[in-house]
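**Q**
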Amino acid sequence: MRLTQTLRRAVLVRPDETATIDGERVRTWREVHERVGRLSAGLRKLGVAAGDRVAVLANNCDAYFEAYFAILWTGAVIVPLNTRLAPAETRFQLEDAGVSVMLFGEEFAGVAALLRPQLPGIGAWIGMDGPDVSADHALEALVVGEPAPETMRNAEDLAGIFYTGGTTGLPKGVMLSHRALSAMAVNLTMSLKVDESLVNLHSAPMFHLADIGTFMATMVGGAHVFVRKLDETVMLDLIGRRGVTHIFTVPAMIDRLARHPAAATTDISSLKVLGYGGAPMPLGTYDVARARFPDVDFVQGFGMTEMGAHTFLEAKHHRPGADPEKMRSVGQPAYGYEAMIVDPEGREVPRRTLGEIVGRGDNVMSGYWNRPEETARALRDGWMWSGDAGFMDEEGFVYITDRFKDMIVSGGENVYSIEVENVVSRHPAVAECAIIGVPDERWGERVHVVVVTKSQASVTLDELATHCRAEIAGYKVPRSLQILETPLPRSAAGKVLKTDLRAPWWAGHERRI
Numbered sequence: 400m401r402l403t404q405t406l407r408r409a410v411l412v413r414p415d416e417t418a419t420i421d422g423e424r425v426r427t428w429r430e431v432h433e434r435v436g437r438l439s440a441g442l443r444k445l446g447v448a449a450g451d452r453v454a455v456l457a458n459n460c461d462a463y464f465e466a467y468f469a470i471l472w473t474g475a476v477i478v479p480l481n482t483r484l485a486p487a488e489t490r491f492q493l494e495d496a497g498v499s500v501m502l503f504g505e506e507f508a509g510v511a512a513l514l515r516p517q518l519p520g521i522g523a524w525i526g527m528d529g530p531d532v533s534a535d536h537a538l539e540a541l542v543v544g545e546p547a548p549e550t551m552r553n554a555e556d557l558a559g560i561f562y563t564g565g566t567t568g569l570p571k572g573v574m575l576s577h578r579a580l581s582a583m584a585v586n587l588t589m590s591l592k593v594d595e596s597l598v599n600l601h602s603a604p605m606f607h608l609a610d611i612g613t614f615m616a617t618m619v620g621g622a623h624v625f626v627r628k629l630d631e632t633v634m635l636d637l638i639g640r641r642g643v644t645h646i647f648t649v650p651a652m653i654d655r656l657a658r659h660p661a662a663a664t665t666d667i668s669s670l671k672v673l674g675y676g677g678a679p680m681p682l683g684t685y686d687v688a689r690a691r692f693p694d695v696d697f698v699q700g701f702g703m704t705e706m707g708a709h710t711f712l713e714a715k716h717h718r719p720g721a722d723p724e725k726m727r728s729v730g731q732p733a734y735g736y737e738a739m740i741v742d743p744e745g746r747e748v749p750r751r752t753l754g755e756i757v758g759r760g761d762n763v764m765s766g767y768w769n770r771p772e773e774t775a776r777a778l779r780d781g782w783m784w785s786g787d788a789g790f791m792d793e794e795g796f797v798y799i800t801d802r803f804k805d806m807i808v809s810g811g812e813n814v815y816s817i818e819v820e821n822v823v824s825r826h827p828a829v830a831e832c833a834i835i836g837v838p839d840e841r842w843g844e845r846v847h848v849v850v851v852t853k854s855q856a857s858v859t860l861d862e863l864a865t866h867c868r869a870e871i872a873g874y875k876v877p878r879s880l881q882i883l884e885t886p887l888p889r890s891a892a893g894k895v896l897k898t899d900l901r902a903p904w905w906a907g908h909e910r911r912i
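Per the working numbering, the very first residue in the sequence shown carries number 400; after that it's consecutive.
(1) Is it right to say Lys444 is buried, meaning 16 or more other beta carbons lie within 10 angstroms of its own, or is it exposed?
(2) Look up Lys725 in the DSSP assignment and say whether it is helix, strand or coil.
(3) When the Cα of Met605 is compared with those of Asp461, Pro650, Met706, which residue comes out closest?
(4) What number of angstroms, rounded off, separates the C-alpha of Gly683 from the C-alpha of Asp528?
(5) So, for Phe647: in the same chain, excluding its five sequence neighbours on each side, which residues have a beta-carbon less than 6 Å away from its beta-carbon?
(6) Taking Cβ positions, are Val593 and Val633 nearer each other than 7 Å?
(7) Cα-Cα, which of Asn586, Pro479, Thr859, Gly873 is closest to Gly572?
(8) For Ser590 and His645, what's the separation of their Cα atoms in angstroms?
(9) Tell me whether the beta-carbon of Ala851 lies closer than 7 Å to the beta-carbon of Ala833.
(10) Out of Val542, Ser816, Ser785, Tyr562, which has the shortest C-alpha to C-alpha gap to Ser890?
(11) Is any beta-carbon of chain D found at less than 7 Å from that of Ala547?
(12) Measure the C-alpha to C-alpha separation of Leu587 and Asn599 and round it to an integer number of angstroms.
(13) By the 10 Å Cβ neighbour count, where 16 or more other Cβ atoms means buried, how is His908 classified, buried or exposed?
(14) Going by the DSSP bridge assignment, what does His623 pair with across the sheet?
(15) On the three-pair Cβ rule with 8 Å, is the segment 422 to 440 touching the segment 510 to 517?
(16) Given a cut-off of 7 Å on the beta-carbon distance, is the pair Met706 and Val763 in contact?
(17) Run through DSSP, which three-state label would Gln492 get?
(18) Taking the alpha helix (DSSP H) that Met589 belongs to, which residues open and close that run?
(19) Ignoring anything shorter than 3 residues, give me the beta strand (DSSP E) runs that lie fully in the segment 631 to 688, in order along the chain.
(20) Pull up the CB-CB distance for His709 and Gly758, whole angstroms please, since I reckon it's below 8 Å.
(21) Are the CB atoms of Ala657 and Ala609 within a distance shorter than 7 Å?
(22) Tell me which same chain residues have a C-beta within less than 8 Å of the C-beta of Leu493, skipping the five on either side of it?
(23) Identify which residue in Gln731, Met703, Thr704 has its Cα closest to the Cα of Ala714.
(24) Can you check which of these residues, Gly843, Gly836, Trp842, is closest to Met898 by C-alpha distance?
(25) Using only the alpha-carbon positions, how far apart do Glu793 and Arg718 sit?
(26) CA-CA distance, Pro877 and Val447?
(27) Could you tell me which residues DSSP pairs with Asn813 in its beta bridges?
(28) So what's Gln855 in DSSP terms, helix, strand or just coil?
(29) Among all the DSSP beta bridges, which residues are the ones paired with Glu844?
(30) Residue range of the beta strand (DSSP E) that Met501 falls in?
(31) By a C-beta neighbour count over all protein chains shown, 10 Å radius and 16 as the cutoff for buried, is Gly559 buried or exposed?
(32) Go ahead and pull the three-state DSSP assignment for Lys894.
(33) Look up Tyr467 in the DSSP assignment and say whether it is helix, strand or coil.
(34) Check for me: the beta strand (DSSP E) holding Val412 runs from which residue to which?
(35) Report the CB separation of Ala475 from Gly450 in whole angstroms; it is logged as a contact under 8 Å.
(36) Return the first residue and the last residue of the beta strand (DSSP E) that Arg759 is part of.
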């Protein structure tokens, strides 16, 4: 299936129903469909053809949504760019992908002006928010004339290149086909059991696959709510004013929502589901969120750019009375996907035996753009090797114990940071925490905890150690403590950047993991 079919269906079955909401601007599916066709015609006049790469650098907005579909309608390949990168990093990705046309939001006009003379291969720069000195064209000026017919693509054709970190230090372009992205949308529609009543708040950045609603909500003809700069105050306001039913975000944002004073007084009766991903939610975070939002269902999806939304932990496993062990998992393989735990040679290991999580299905990437060697390491005999250490129980629930690079080897014992973080997060003084391994002359590595405390709270290493010893073995208990005055560093997807936390400690040392 090609991704544009989701738009075709939406306009067919719900032409005059709300499609997008951006501030006070509301458009129907008929209007969005027509604008996509017209923007596609404008892109073709600029020379964009099937297979060409077109980049977008913008915050979440309805123009991003329309550009996404217009690029695909043209038969081209979208390259969504991380809005948090330095200009040099953005330049590398534009050059690496061979981008021919660049669309950018007004917040990134300065980046466009800086990069434009350095990238002569980009033939057109399009400002998404009107005329701009950095742009050759304004997006609205291209949305004129007759809509262009769709350039038909096959399921196996490349739809997007999504950049992620590389083992060589250079980012890798993850190639996702129409089939892969469509499979994710179909799977999530089934797993979440959503229909046309869905009102999805785009709370994750649209350049990231964590923003899973782009195609899922379109597939069922639901509504998309956009906001450029998202915080918990804005999110709560939009739930109340726009009747948001579903939010998919990260545990850190759910925690901020639950702790916000307005959460107690805002009408959130429309909200049905809070979804999260990346890793299991720290139990301390979940306890607070569950108490604040007792009538909202929680769900979890685990995946990676190369293999999106591969497992699913249903709402029933989050509800009071459910088996608490399942809450420590990332769920079972989602519909149509397979997962397995293997040893280094690729042999499946017995249940509850530690190994590497691998998966396969239509959601798996085609490979890394111009990275054949890294592709060969990641894709073996049709399986995607995740780099995550974990095990599977007797019912097929997958448990992530750690990223292999985050595993701590202390005195010959393996310590998995997630397990320790779950315990530390429940200390009453802790707002955020991260467990990392740091050099230790005696143990090789020691368990080090980085903490952000709650307002007006304090905690000592002895207090944390006492708290931890009640629940985990002594060798897993933190042996050193660092308290930050600022929030933990996080990626655009909300994951804690443990590499950044480890870096000062390991300068001049060799880490063997």
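Idealized CB from N, CA, C, for every residue including glycine.
**A** Let me lay it out:
(1) In the sequence shown, residue 444 corresponds to position 45, counting from 1. Result: exposed.
(2) On the sequence shown, position 326 is the one that residue 725 refers to. It is helical.
(3) Taking the sequence shown and counting its residues from 1, the one referred to as residue 605 is at position 206. Checking every option, the nearest Cα to that of Met605 belongs to Asp461.
(4) The residue labelled residue 683 in the question sits at position 284 within the sequence shown. The residue labelled residue 528 in the question sits at position 129 within the sequence shown. Computed Cα separation, rounded: 42 Å.
(5) Counting from 1 along the sequence shown, the entry for residue 647 is found at position 248. These residues qualify, in order along the chain: Ile611, Gly674.
(6) By 1-based counting over the sequence shown, the position of residue 593 is 194. By 1-based counting over the sequence shown, the position of residue 633 is 234. It is not a contact, given that the beta carbons lie outside the stated cut-off.
(7) Counting from one through the sequence shown, the residue named residue 572 turns up at place 173. Taking only the C-alpha atoms, the option nearest Gly572 is Pro479.
(8) Along the sequence shown, read from residue 1 onward, the residue named residue 590 stands at position 191. Along the sequence shown, read from residue 1 onward, the residue named residue 645 stands at position 246. The straight-line gap from Cα to Cα measures roughly 13 Å.
(9) Counted from its first residue, the sequence shown places residue 851 at position 452. Counted from its first residue, the sequence shown places residue 833 at position 434. The residue asked about is misnamed: residue 851 is Val in this sequence, not Ala. No, these two residues do not count as a Cβ contact at 7 Å.
(10) Along the sequence shown, one-based indexing puts residue 890 at 491. With distances taken between Cα atoms, Ser890 lies closest to Tyr562.
(11) Absence of chain D from the displayed structure is noted, only one protein chain being present.
(12) Along the sequence shown, one-based indexing puts residue 587 at 188. Along the sequence shown, one-based indexing puts residue 599 at 200. Rounded to whole angstroms, Leu587 to Asn599 spans 13 Å at the Cα level.
(13) For the purposes of this step, residue 908 is taken as the residue at position 509 of the sequence shown. Exposed, since its Cβ has fewer than 16 Cβ neighbours within 10 Å.
(14) For the purposes of this step, residue 623 is taken as residue 224 along the sequence shown, with counting starting at 1. Beta-bridge pairing links His623 to Thr419, Asn599.
(15) no
(16) Along the sequence shown, read from residue 1 onward, the residue named residue 706 stands at position 307. Along the sequence shown, read from residue 1 onward, the residue named residue 763 stands at position 364. Against a cut-off of 7 Å, the Cβ pair of Val763 and Met706 comes out as a contact.
(17) Position 93 of the sequence shown, counted from the first residue, corresponds to residue 492. Correct three-state label for Gln492: helix.
(18) Locating residue 589 in the sequence shown gives position 190, counting from the first residue. Start and end: 577 to 591.
(19) 645 to 648, 672 to 676
(20) Locating residue 709 in the sequence shown gives position 310, where the first residue counts as 1. Locating residue 758 in the sequence shown gives position 359, where the first residue counts as 1. The pair is a contact, with the Cβ atoms about 5 Å apart (cut-off 8 Å).
(21) By one-based count along the sequence shown, residue 609 stands at place 210. By one-based count along the sequence shown, residue 657 stands at place 258. Contact: no.
(22) By one-based count along the sequence shown, residue 493 stands at place 94. Correct list, in chain order: Ala454, Val478, Leu480, Met501, Leu514, Leu518, Ile521.
(23) Within the sequence shown, residue 714 is the residue found at index 315, counting from 1. Taking only the C-alpha atoms, the option nearest Ala714 is Gln731.
(24) Residue mapping note: residue 898 aligns to position 499 of the sequence shown, counting from 1. Strictly speaking, residue 898 in this sequence is Thr, with Met absent from that position. When each option's Cα is compared against that of Thr898, the closest is Gly836.
(25) Taking the first residue of the sequence shown as 1, we reach residue 793 at position 394. Taking the first residue of the sequence shown as 1, we reach residue 718 at position 319. About 21 Å.
(26) Residue numbering aside, residue 877 sits at position 478 when the sequence shown is read from its first letter. Residue numbering aside, residue 447 sits at position 48 when the sequence shown is read from its first letter. Cα to Cα, the separation comes out at about 55 Å.
(27) The residue you call residue 813 lines up with position 414 of the sequence shown. Looking at the DSSP assignment, Asn813 forms a beta bridge with Val808.
(28) Position 456 of the sequence shown holds residue 855. Residue state, collapsed to three classes: coil.
(29) Position 445 of the sequence shown, counting from 1, holds the residue named residue 844. Answer is Pro838.
(30) Locating residue 501 in the sequence shown gives position 102, where the first residue counts as 1. Residues 498 to 503.
(31) Residue numbering aside, residue 559 sits at position 160 when the sequence shown is read from its first letter. Looking at its Cβ environment, which holds 16 or more other Cβ atoms inside 10 Å, Gly559 is buried.
(32) Position 495 of the sequence shown, counting from 1, holds the residue named residue 894. Coil at Lys894, not helix or strand.
(33) Numbered from 1 along the sequence shown, position 68 holds the residue referred to as residue 467. Three-state result, Tyr467: helix.
(34) Residue 412 sits at position 13 when you count from the first residue of the sequence shown. No beta strand (DSSP E) contains Val412, which is instead part of the alpha helix (DSSP H) from 403 to 412.
(35) Sequence index remark: in the sequence shown, residue 475 carries index 76 (1-based). Sequence index remark: in the sequence shown, residue 450 carries index 51 (1-based). Sure, about 7 Å apart at Cβ, within 8 Å.
(36) Residue mapping note: residue 759 aligns to position 360 of the sequence shown, counting from 1. Per DSSP, Arg759 belongs to the beta strand (DSSP E) from 754 to 759.
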